[in-house]
Structures are given as structure tokens and as C-alpha cells.
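Visitor: Structure in C-alpha cells, see below.
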Amino acid sequence: MGEKARSAGYRLTGFDTIGSTNSEALAAAAAGDFGGHWFASLHQSAGRGRRGREWFNPSGNLAASLLIIPDAEPDQIATLGFVAGVAIASALDGILPQGVVKTESHSENFGEQVALKWPNDVLAGGSKLCGILLEACKTPSGQTAVVIGCGVNVVAAPQGVPYATASLAGLGYVRSAEDVLAALSDAWVGAFAIWDDGRGTAAVLEKWRQSAAGIGGPITVQQDGAVRRGIFETIDSTGRLIMRDDDGARITITAGDVHFGATASARS
């Protein structure tokens, strides 16, 4: 864990291998843990992603989950995934060469950079480098505990999955999972301070947009069996995706699988 995170009072429990860091964090919350607690492992055997999908975590990659108990309303808590995205982008920007991570709103070559994908992925060259998963439960005192899981492909890109994957090592950047966790935990402190229990959501979302892939370009969204095509305009004040379809209608997307380009030729 990074020095800034340690100084801010965050704690770390590390494992060589574990079933799921998210499950470990949720169990801690249910047992009364007061939050500010990272759980991290170099390997997990039962990782999971969005919508219950399996998250593959080869040994040496980073599986990390942060348990927090935020003092915020549910609609603000729902934006914590964007806080995590901003923190990951900031962390990687700090440990990778300048210009590798997309940080400007009007960058034209996001496909060659590390960039954030709506709603909860990080891409490198258009391939999945990192996934984010939010889960919540109640503490014994009735508070809402939130677990933010981050899986980063550090040394190996998972194989046999229905989407393109990337790793830091595969991109030519030799870093350890410990390096990434230290940078991430420190970057989280800054991003979480900006969020400020939801009062700074607008500032966080603007930072997310600056590192986002695909804004202004064509996208395809698969949603409940339907396919929508159009232009990715922005995300709104709550983090919903706003697209302009082929008929010119402005559509708000709250959930779905996003693919860049005019066709949906892959699953994510």
C-alpha cells in the first residue's frame, strides 16, 4: 500500500491467493469492519465481474478490493465506480510513461492509449486491461458498506475469454502488482477526497470524461437483447451514458455492453 494511503489511515490485508477479494471484504463488512480497508491478492480463484460474470485472474496480476462506509445518498454511492476509474487512470499515469494514459478530453488516438470505458473497464489499445466491480451490503449497525473491486492485468492477459485483453507486461511495461497497488491506493485518496461524500461528483465525472474512450465517436450498445447504434456524446450528471442514435434521438443508457464502432462484433 502507498504511503499516502497509509498516512490517511487505510489498512491492508494481503493474500498470496484467495477465492475473491470482494467476498473477503463483504464478509469483513458484515462482521463489523469500519472500512478504509484494502484486501489484495496476487491470485484469486473465484473472481467475478459485472453481472455475475467470471473474472479471470492469472497469478501475478492484481486483485484488490477496498471496503468503505461512505456517508452519502444511494444515488451518489452509485457513482463510486467512476471515482475508482479516475483513481486507476491517475495511478497508471503515475507509473507509466507520459502520454500512455489518456488525460485530455479531445485526444484523437484513445485506441492507442490507456483509457476508461463506460461504465467500469479500463482499456489499453482497445483491449481490456482492468475491470471494476462495485458491491454493497449492510453492516451490523445498518450502514451501507461498499466494496470496490479492481482487477488489473499486470503480468498476464487472461486467455480464453470472449473479449480482447491486455496486460502491462504485454504492453512492455514491467511493473509488479505491489507497485500498482501502491499507486492505486494513493491515487484513491485523492479521487475520494474530490468526490467528498458525493458533493464533488460533478468534478469526478469531469475527470472521468477526460480519460474516457470513445466520446464523440460511434458506439454500439447491447441492452436487454436490443442493439442500439449511434454517437457517444457524453455521460450525464449521474454517470449515465448519453448517445445520439442514427435517427437523431438522444438516448440515455443506464446499463449495457458498449462496443466502439458501428457494429457489435464482440462481447464484453
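For the sequence shown, the residue numbers in the working numbering are 2 to 269. Glycine included, C-beta positions come from ideal geometry on N, C-alpha and C.
1) So that I know if they touch, is there some Cβ in chain B lying closer than 8 Å to that of S168?
2) If you pair each beta-carbon of the stretch 65-72 with each one of the stretch 140-151, do three or more pairs fall below 8 Å?
3) Buried or exposed: K139, going by 16 or more other Cβ atoms within 10 Å of its Cβ?
4) Can you find at least 3 beta carbon pairs, one from the stretch 14-25 and one from the stretch 155-163, that sit closer than 8 Å?
5) For I216 and S8, what's the separation of their Cα atoms in angstroms?
6) Classify D32 as buried or exposed, calling it buried when 16 or more other Cβ atoms lie within 10 Å of its own Cβ.
7) From G257 to V115, what does the alpha carbon distance come to, in whole angstroms?
8) Short of 7 Å in beta carbon distance, which residues of its chain neighbour L27, apart from the five on each side in sequence? Order them along the chain.
9) Let me confirm a value: D94 is counted as buried when at least 16 other C-beta atoms fall within 10 Å, else exposed. Which label applies?
10) Can you tell me which residues form a DSSP beta bridge with R241?
11) Is there contact here, the stretch 199-211 with the stretch 178-185, by at least three beta-carbon pairs under 8 Å?
12) Could you pull out every unbroken beta strand (DSSP E) segment of at least 3 residues lying fully inside the stretch 103-177, listed in chain order?
13) Is I70 helix, strand or coil when you go by DSSP?
14) Considering Cα atoms alone, identify which of R176, A88, P120 and G37 is closest to P98.
15) Name, in chain order, the residues that DSSP records as bridge partners for F83.
16) Can you tell me which residues form a DSSP beta bridge with T22?
17) Just to confirm, is the Cβ distance from F83 to W209 under 8 Å?
18) First and last residue of the beta strand (DSSP E) that includes I78?
19) Suppose the cutoff is 8 Å on Cβ atoms and the five residues either side in sequence are ignored; what does the same chain contact list for I78 look like?
20) I'd like the list of long-range same chain contacts for A203, defined as Cβ closer than 8 Å, with 5 residues on each side in sequence excluded.
21) Is it buried or exposed, V228, if we count other Cβ atoms within 10 angstroms and call 16 or more buried?
22) Excluding sequence positions up to five away, which residues of its chain have a Cβ less than 6 Å from the Cβ of S46?
23) Does R12 come out as helix, strand or coil in the three-state DSSP assignment?
Guide: Reading from the atomic positions:
1) The structure shown has no chain B; it contains just one protein chain.
2) yes
3) exposed
4) no
5) 36 Å
6) Per the sequence shown, the amino acid found at residue 32 is Ala instead of Asp. It is exposed - the Cβ of A32 has fewer than 16 other Cβ atoms within 10 Å.
7) 21 Å
8) E136, C138 and V148
9) In this structure D94 is buried. Its beta-carbon is surrounded by 16 or more other beta-carbon atoms within 10 angstroms.
10) Paired residue(s): none; R241 is not in a bridge.
11) no
12) Counting only runs of 3 or more, we get 115-118, 122-125, 128-139 and 145-153.
13) The three-state reading of DSSP puts I70 in coil, since its state is none of H, G, I, E or B.
14) Nearest to P98 by alpha-carbon distance, out of R176, A88, P120 and G37, is R176.
15) F83 pairs with nothing; no bridge assigned.
16) According to DSSP, T22 bridges with nothing at all.
17) yes
18) I78 -> not in any beta strand (DSSP E); alpha helix (DSSP H) instead, spanning P75 to I78.
19) P71, A137, T145, V147 and G199
20) S238
21) exposed
22) G20
23) strand
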